[in-house]
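Residue numbers (my numbering), protein chains in the order written: chain A, 4 to 361; chain B, -1 to 260.
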Amino acid sequence: MAAGVATGTLRSATLASRIRGRPGLVAGGITALLGVLLVAGVGLGSVAIAPGDTIAVVAHRLFGLDTTAAVSPATETIIWELRLPRVLTAMVIGAGLAVSGATVQGLLRNPLADPFVLGTASGAALGAAIAILLPVTLAIVAFGLLQALAFTGALLAALVVFRLGGSGGPGGLTRLLLTGYAVASVLTACLTLAMYVSGSDLRQIFSFLLGGLAGASWSRLLAAAPLILGACVAMVWRARSLDGMLLGDQAARHLGIDIRRERGILLALASLATAAGVAISGLIGFVGLVVPHVVRQLVGPSARRVLPISALAGAALLAAADLVARLAGDIPVGVVMALVGAPFFLVVLRHTRTGYEL
Amino acid sequence: MTIDPTRTPDAEAILAADGVTIAYGERSIVADATLHVAGGERLALVGPNGAGKSTLLRALTGLLEPRAGTVRLCGDSISTLGPRAVARSIAVVPELAQLPFAMLVDEVVALGRLPHEPPLSGLRASDHAAVDAAIERVGIAHLRGRDTRELSMGERQLVFLAVAVAQAAPILVLDEPTAHLDIRHQVEVMELLVDLNERDGTTIVAVLHDLALAAHFFPRVVVMADGRIVGDGPAAVTLEPARIRSVFGVDPALVRLPVSAG
C-alpha cells in the first residue's frame, strides 16, 4: 500500500510541477482556443459562414480594408450585428465571472464560493423582475431598463451584505458568507413573490434566471465591457493580496497585506464585474465556481497565475457553452453549462491526486 | 520584577514596548508591559497559559493596537508604519492554518517573499534563492513537491517556519514554534534559531512552553504571569526554583534546567 501511494504521489507531483512551471504554455493554449471559438462562434449557426468571410468582414469594419467584395450584405449583417457581438459578450462575461469567482474563493478561503455568494445573483434577478413588471412602455425596456435595474440590484445586494456582514475579525468570513445567504434568501422571497404575481411576464423573468446571450448587442457590450474588463484588470493587479490571504488573515497581515482594505476593494471589484455581466446575460452559474478550480489544477494556487488564466478559460468556456446552446436551438446557456460542465468537473476532481476535501 | 543590572534596556532597541496595556472590554490581558529588544538579541518569552504572551506578541508585531502604551520599531511608532514596511522588518511564523486549496510545499514557502516582490512579476531570481535557502536551512528539502495539506502537523509546522525564514526580515517572531514537533526536531529548530541569530544577526523573539529549551538556547528569558512581566534576564535568574513554583505552580524539581544557561 505504501509503495502504491508513494508512486502515485510522485507521479502527480512531477506532473504538477512540470505544468506548474509553464503557466505561459497554458495561457497560450487557451488563447489559441479562444481564437478558434471566435471563428467557430461566428461561423456556425442556422446560416453557415466561412472563416474567410468572417475575417474579411472584421478586417473591413475595423481597419477599413476593402475585403468584403465577395461577402453578401446579409452575411455581413449576420456576422457584424448578430454573431460577433454575441460571441464577444460571452467571452467578456465569462472572463468576468471566472475572475470574480477566483477572487471570491480566495478572499473567503472557501473553495465552494462563487461570485454569487454576496447576493449579487438574487439582487440582479429581483432588479430584472421589477424592470419586467414595471408598467412602462416597451421602448424604455428595450433601451436597457432591465439591464440597468439588474445591475443596480446586484450591486445594492452586495453592498448590503458587505455592510451587514462586515469584514475583519475572527470568524468574520463565516459571518460574511452567512449574511450573504440570509440577504439572498430575503431577495429570493421577493423574487418569488414577483414571479407569482407576474402572470404573462413569468416567462421573461424565468429566462433571466436561466441566463442566455440572446440579448447581446454592441451597445450593451460597449457599456459592460469596460466595467468588467477594468474590474478584472484591477483584481489581477491586486492578486498579491489574495496570495497573502492563503495562509489566513493574521498571516496575511504579517506578510504585509492590509487585509481590511484589500478585502473591501476586491469584494467591490468582484461584485462590479459580476453585476455588469449578469445584467446582460442573466444568471449564469458554474463558470465562476468551476473555472478557478480547473485552472488551479493546471498552474497551482497562486492568484497571480490563477486570475489571468481564469479570465481566458472563463471566456473560452462561456463562448463554447453559448455556441452549443445556440446550435441546440437557443436553449438556455445555463442548462448547457450544467449538463456538460458538471460531469467534466467531476472527471477533473476524480483524476487529480491533490483533490479537494470539501 | 528582576532586571539584569548589566543590561541597559534603552540602548539600541530594535523593538520596544513601553507601558503596553491591552484589554478586551473590562478584562485586561496585558498590563503595563515594558519590553525592549535590542538588535541581535535572542529572547524567549515564557509563562503559563493565558499569561498574555501571544497577545503581547501581537502588539509587538503591529497586529493589535494597545489601549495604552506604545510599540516602536527601530524608533518609529509601529502603528504609523504600513503593513508592508512592518513585514519587511518583522517575520512572524504563521499559525497552523487550514489551506483552502492544494498547495505544494515550495509554493507555501514562496509566500514568505510577498513583502519583497513587485506586485505583478512574481518571484524573481533572488526570491527563488531565498526560498531555496529557507527550505534547505529548515531541513525540509525532502518535502518539496508535496501537497502541504497531506503533511503531518509537525511537518507543516516546519513548512510554516520556512515561510518566515524566507521572509528574511531582521526580526523573527515565533509563537510556540515547537508545539507539534518531536524532540529531535525541537532541538533542530532551536539550533536553527541560534544559527539565524549568530550567523545572520537575526533578532529572535520566541514564545516557548518548554522551560528547558528556553533556558538552554536563549540568553534572555522573559517571564509573564497574569498579563505582567515578572522576570527579565538570564534563565539562571528568571527561572530560579522559587519563581517556577510561584508562576507556574509546579514543583521546580519537575523542571530540570541546564546548570549554566546562555
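Cβ atoms here follow ideal geometry from the backbone N, Cα and C, with glycine treated the same way.
Subject >> Val253/B - DSSP class collapsed to helix/strand/coil >> reply: coil
Original post:
Does the separation of the CB atoms of Ala318/A and Val294/A fall below 7 Å?
Top reply: no
Original post:
Should the stretch 231 to 240 of chain A be regarded as contacting the stretch 78 to 88 of chain A, the criterion being three or more beta carbon pairs within less than 8 Å?
Top reply: no
Original post:
At what residue ranges does the stretch 25 to 51 of chain A contain a whole run of the alpha helix (DSSP H), taking only runs of 4 or more?
Top reply: 26 to 46
Subject >> Ser201/A - DSSP class collapsed to helix/strand/coil >> reply: coil
**OP:** Would you identify the three-state DSSP class for Gly147/A, choosing helix, strand or coil?
**Re:** helix
Subject >> Buried versus exposed call for Met101/B [16 or more other C-beta atoms within 10 Å across all chains shown] >> reply: buried
Original post:
What are the residues that DSSP puts in a beta bridge with Gly152/B?
Top reply: DSSP lists no partner for Gly152/B.
Original post:
Shorter than 7 Å from the beta carbon of Ala11/B to some beta carbon of chain A?
Top reply: no
Original post:
Listing by chain order, which chain A residues have their CB less than 8 Å from the CB of Pro81/B?
Top reply: Arg256, Gly259, Ile260, Asp261
Original post:
Taking contact to mean at least 3 C-beta pairs separated by less than 8 Å, is the stretch 148 to 164 of chain A in contact with the stretch 270 to 286 of chain A?
Top reply: yes
Original post:
What did DSSP end up calling Val351/A once you bin it into helix, strand or coil?
Top reply: helix
Original post:
Ordered along the chain, which non-local residues of its own chain (more than five positions away) have a Cβ less than 7 Å from that of Arg241/B?
Top reply: Val221, Gly229
Original post:
Can you tell which of Pro239/B, Val35/B, Asp104/B, Ala223/B has the C-alpha that lies nearest to the C-alpha of Asn47/B?
Top reply: Ala223/B
**OP:** Could you pull out every residue in the same chain whose Cβ sits closer than 7 Å to the Cβ of Leu47/A, ignoring the five residues on either side in sequence?
**Re:** Leu326, Leu330
Subject >> Residue environment, Glu10/B, which counts as buried when at least 16 other CB atoms sit within 10 Å >> reply: exposed
**OP:** Would you kindly work out how many angstroms separate the C-alpha atoms of Asp74/B and Ala167/B, rounded to a whole number?
**Re:** 17 Å
Original post:
If we ignore side chains and look at the alpha-carbon of each, how far apart do Leu352/A and Leu91/A end up?
Top reply: 30 Å
Subject >> Reduced DSSP category for Gly130/A - H, G, I as helix; E, B as strand; rest coil >> reply: helix
Subject >> Where Glu105/B meets chain A, residues with beta-carbon distance less than 7 Å >> reply: Gly303, Pro304, Ser305
Subject >> Secondary structure of His114/B, DSSP reduced to three states >> reply: coil
Original post:
Can you tell which of Leu33/B, Gly50/B, Ala42/B has the C-alpha that lies nearest to the C-alpha of Tyr22/B?
Top reply: Gly50/B
Original post:
Looking at the structure shown, is Thr357/A part of a helix, part of a strand, or coil, going by DSSP?
Top reply: The predicted position of Thr357/A is uncertain, since its pLDDT is 46 and thus under 50; no value can be drawn from it.
**OP:** Measure the C-alpha to C-alpha separation of Gln300/A and Cys235/A and round it to an integer number of angstroms.
**Re:** 21 Å
**OP:** List the endpoints of the continuous alpha helix (DSSP H) containing Gly229/B.
**Re:** Where Gly229/B is concerned, there is no enclosing alpha helix (DSSP H), although the beta strand (DSSP E) it sits in stretches over 226 to 231.
Original post:
Taking Cβ-Cβ distances shorter than 7 Å, what residues in chain A pair up with Leu303/B?
Top reply: Because chain B in this structure spans residues -1 to 260, residue 303/B falls outside the shown range and cannot be described.
**OP:** Could you say if the stretch 190 to 198 of chain A and the stretch 260 to 276 of chain A meet the contact criterion of at least three C-beta pairs nearer than 8 Å?
**Re:** no
Original post:
Using a Cβ-Cβ cut-off of 7 Å (strictly less than) and excluding sequence neighbours within five positions of Pro76/A, which residues of its own chain qualify?
Top reply: none
Original post:
Are the Cβ atoms of Val29/A and Val302/A separated by less than 7 Å?
Top reply: yes
**OP:** Check Arg122/B in the structure and name its three-state DSSP category.
**Re:** coil
Original post:
Opposite Arg218/B in the DSSP bridges: which residues?
Top reply: Leu41/B
Original post:
Helix or strand or just coil, what does DSSP make of Ile268/A?
Top reply: helix
Subject >> Nearest residue (CA-CA) to Ala187/A, options Leu159/A, Gly344/A, Asp252/A, Asp246/A >> reply: Leu159/A
**OP:** Hey, could you find the ends of the beta strand (DSSP E) Gly251/A is sitting in?
**Re:** No beta strand (DSSP E) contains Gly251/A, which DSSP labels as neither H nor E.
Original post:
Beta carbon of Arg65/B, beta carbon of Thr32/B: below 7 Å?
Top reply: no
Subject >> CB contact check: Arg363/A to chain B, cutoff 7 Å >> reply: This structure cannot settle anything about residue 363/A, because the visible part of chain A is limited to 4 through 361.
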